[in-house]
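This report refers to the structure that appears directly beneath it.
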Amino acid sequence: MPANYLKKRDFARDLRQNMTKEERRLWYDFLRHHPSRFMRQKMIGPYIVDFYCASAKLVIEIDGSQHFEEQALNRDEHRTQYLQQLGLRVIRFDNRQVGRQFENVCATIEQVLRGNSDYVR
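Residues in the sequence shown are numbered consecutively from 516, following our numbering.
Below, the structure is given as structure tokens:
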């Protein structure tokens, strides 16, 4: 295997072991036991996404404050475009939403999984 792949795989493993508080909450309190199987810190092409559901072709990203800086916004836009070109749907929540509106975040994910949402962020 190429060294770059192994490095990225190890980084994804490290991210799984050191999730943010918000990622842990969403994983342990909702996604981990969801009937649709989700994976954490999944490598997709050159990117590692926070959560991925293959059956729904859904990527869920949890954004910290650094994602709202101009460079990060541009990187996130390119990342989203790449993932969408693969036929994946990308939904994003920020840390505050997960922390303060957890039930709404979960309800939105359910709606997207059922195809009942035009969620855009």
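Every residue gets a Cβ at the ideal spot worked out from N, C-alpha and C, and that includes glycine.
Next item on the list: Taking only the alpha-carbon atoms, compute the straight-line gap between E537 and A518 and give it to the nearest angstrom.
Entry: One Cα belongs to E537, the other to A518, and the distance between them is close to 31 Å.
Note to self: Among F608, N631, G630 and C621, whose alpha-carbon lies nearest the alpha-carbon of L546?
What the structure shows: Nearest C-alpha to L546: C621.
Check: What do you reckon, are the CB atoms on V574 and L603 nearer than 8 Å?
Finding: Closer than 8 Å, so yes.
Check: Do I577 and N610 have their CB atoms nearer than 8 Å?
Finding: Result yes, Cβ atoms of I577 and N610 sit closer than 8 Å.
Item checked: R552 beta carbon less than 8 Å from that of W542 -> No, they are not a contact pair.
Next item on the list: State the Cα-Cα distance for the pair Q612 and D525, rounded to the nearest angstrom.
Entry: The alpha-carbon of Q612 is positioned some 29 Å away from that of D525.
Next item on the list: Take H593 as the anchor and find which of R615, P561 and S570 has the nearest alpha-carbon.
Entry: Residue P561 is the option with its Cα nearest to H593.
Next item on the list: Quick one: using the 10 Å Cβ neighbour count with 16 as the cut-off for buried, is Y520 buried or exposed?
Entry: Of the residues assessed, Y520 falls on the exposed side of the cut-off, its CB having fewer than 16 other CB atoms within 10 angstroms.
Item checked: Contacts around I606, its chain only, beta-carbon distance under 8 Å, and the 5 residues preceding and following it disregarded -> Closer than 8 Å at Cβ, skipping near neighbours: L573, V574, I575, E576, T623, I624, V627, Y634 and R636.
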